[in-house]
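Worksheet: one structure, shown below.
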């Protein structure tokens, strides 16, 4: 006699109709990620261009001001004064140039001022320092490109260079003869104070950017969490709608099925009054009708959200009876059934025998349908303190993590003709007795379903 179960743990899953709300959620999350990425890029780009715009403006203004100071000083010195300045105090030009440079240094922000000849020798220093005058200028190595440009006849400003603890920049202006020949150059140095301003601006913009990025990240995370919560709520609502619809369908089907079952049962009772063989067969029919009636009643309980009621049952005696019932089915399918060894009798649990039988039938038939011909289904019993554990293991194809997450959900089935309610009702029956159903599976290593129930004392 072929027996049916309502879920399978081994066959390939059927194609499911995609929920359009899942696509909406995916698009929402994609939009959120793209928006957050765009906001991050916009924030970083704004900070970058703002900093470089300010840096360019400050640098340009500083260079122009330094260049004007050097050019103004160079315009006040004649080319003939360069030759006279080589005589130092013996010529009148040296003293005049030294006064001009000292006045320039005192009235501006420059830290040093000097006049160099075409050989890059310091002729006059604003402070008349003996360790500088008459010697090659250090600027010849610190600001070579700018100095060469000045001796080519064009004012120039050097790149920043360190001197002591300061960062300086030098400006050069040529001193040329009327014919254009450059005889010397005015060299001034000033501290690049705007670099400190730029450093503070960089730190400020960096802090603002970091705070903005954190704010964007927090908002994006909140939005994703809200979207996820909305999706979970949508799934729960969808599941509730399915359960309500299924409940109505179940109630209608149960009502339509119970009436024919009552007629069949009455007919079987009348047959039982005939010869002994007919009476024995009629008794089988009555027993199976009673079991079907109990099953229909249990589906009605699901439809009405009721918990099963009944007297405590014997977990192991019912297991043995269920295995006896299924031996013919295992033999017909050429699958080896390994029964548990010796187990204690009279193990009472808070689940009636009919409910226990339904639990065992669902799990064992799932295992039977999962294994190929010649496979094995192993049933074992373990006592752990005040609990009894019944494990059903098969050597079928097993399931991956994604499939395992969905097993036991209403209407999710991997059977071509399953309803997806078998494992759901099984788990619900076990939970109603304070027990737990655990399913472990790996692809290629089979599936193990373990029912854990508390023993009842007395």
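Residue numbers (my numbering): 311 to 768. Where is the CB? At the ideal position from N, CA and C, for every residue including glycine. Predicted model, so just to flag it, every value in this text is computed and none were measured.
With the cut-off set at 8 Å, would you say residue i and residue j are in Cβ contact?
i           : j           : result
residue 493 : residue 428 : yes
residue 574 : residue 629 : no
residue 515 : residue 361 : yes
residue 698 : residue 687 : no
residue 497 : residue 447 : yes
residue 495 : residue 461 : yes
residue 748 : residue 760 : yes
residue 456 : residue 468 : yes
residue 739 : residue 669 : yes
residue 500 : residue 419 : yes
residue 396 : residue 433 : yes
residue 744 : residue 660 : yes
residue 532 : residue 353 : no
residue 478 : residue 421 : yes
If I follow the unbroken alpha helix (DSSP H) through residue i, where does it start and stop?
i           : result
residue 663 : 663-680
residue 639 : 625-643
residue 647 : Taken as a continuous stretch (DSSP letters only), residue 647 belongs to no alpha helix (DSSP H), being part of the beta strand (DSSP E) at 646-648.
residue 741 : 732-742
Measure the C-alpha to C-alpha separation of residue i and residue j and round it to an integer number of angstroms.
i           : j           : result
residue 425 : residue 525 : 56 Å
residue 671 : residue 602 : 13 Å
residue 374 : residue 389 : 24 Å
residue 693 : residue 652 : 12 Å
residue 394 : residue 474 : 33 Å
residue 754 : residue 706 : 7 Å
residue 459 : residue 529 : 55 Å
residue 504 : residue 538 : 50 Å
residue 625 : residue 536 : 45 Å
residue 683 : residue 677 : 12 Å
residue 757 : residue 715 : 13 Å
residue 438 : residue 367 : 35 Å
residue 486 : residue 443 : 21 Å
residue 592 : residue 674 : 27 Å
residue 509 : residue 404 : 41 Å
residue 449 : residue 480 : 8 Å
residue 741 : residue 341 : 41 Å
residue 463 : residue 512 : 37 Å
residue 644 : residue 542 : 44 Å
residue 646 : residue 703 : 12 Å
residue 440 : residue 507 : 35 Å
residue 357 : residue 350 : 11 Å
residue 639 : residue 685 : 13 Å
residue 642 : residue 598 : 20 Å
residue 435 : residue 488 : 25 Å
residue 567 : residue 554 : 20 Å
residue 271 : residue 355 : Nothing about residue 271 can be read from this structure; the chain reaches only from 311 to 768.
residue 717 : residue 586 : 46 Å
residue 594 : residue 633 : 17 Å
residue 364 : residue 527 : 28 Å
residue 727 : residue 656 : Unreliable placement is indicated for residue 727, whose pLDDT of 44 sits below 50; the coordinate value is still reported in the next sentence. So the two alpha carbons sit approximately 37 Å from each other.
residue 318 : residue 711 : Low local confidence applies: a pLDDT of 38 at residue 318 is under 50, so the model's placement there is unreliable, and no value is given.
residue 380 : residue 346 : 51 Å
residue 338 : residue 559 : 35 Å
residue 552 : residue 713 : 20 Å
residue 348 : residue 606 : 58 Å
Check the C-beta distance from residue i over to residue j and give it rounded, since I have them as a contact under 8 Å.
i           : j           : result
residue 649 : residue 681 : That belief does not hold up - the Cβ atoms of residue 649 and residue 681 are roughly 16 Å apart, past 8 Å.
residue 545 : residue 658 : Their Cβ separation, rounded to whole angstroms, is 39 Å, which puts residue 545 and residue 658 out of contact at 8 Å.
residue 746 : residue 762 : 5 Å
residue 623 : residue 666 : 5 Å
residue 596 : residue 621 : The pair is not a contact, with the Cβ atoms about 21 Å apart (cut-off 8 Å).
residue 431 : residue 445 : 7 Å
residue 377 : residue 465 : 5 Å
residue 708 : residue 751 : 5 Å
Between which two residues does the beta strand (DSSP E) harbouring residue i extend?
i           : result
residue 428 : Careful: residue 428 lies outside any beta strand (DSSP E) and carries neither H nor E.
residue 418 : Where residue 418 is concerned, there is no enclosing beta strand (DSSP E), given that its DSSP letter is neither H nor E.
residue 494 : 492-501
residue 712 : Counting along the chain, residue 712 falls outside any beta strand (DSSP E), though it belongs to the alpha helix (DSSP H) covering 711-716.
residue 462 : Premise fails: residue 462 is in no beta strand (DSSP E) and is neither H nor E.
residue 440 : Here residue 440 belongs to no beta strand (DSSP E), and DSSP marks it neither H nor E.
residue 751 : 746-751
residue 477 : 476-486
residue 689 : 686-694
residue 450 : Note, residue 450: premise wrong, no beta strand (DSSP E); alpha helix (DSSP H) at 449-452.
residue 763 : 757-764
residue 388 : Unbroken run through residue 388: none, as it is neither H nor E.
residue 701 : 697-704
residue 473 : 471-473
I want to check one thing, is the minimum distance from the CB of residue i to the heavy atoms of the ligand COA below 7 Å?
i           : result
residue 421 : The model on display carries no ligand, and the ligand COA is accordingly not part of it.
Item checked: Cβ pair count under 8 Å reaching 3, the region 379-389 against the region 407-420 -> Between the region 379-389 and the region 407-420 there are three or more inter-stretch CB-CB distances shorter than 8 Å, so the stretches are counted as touching.
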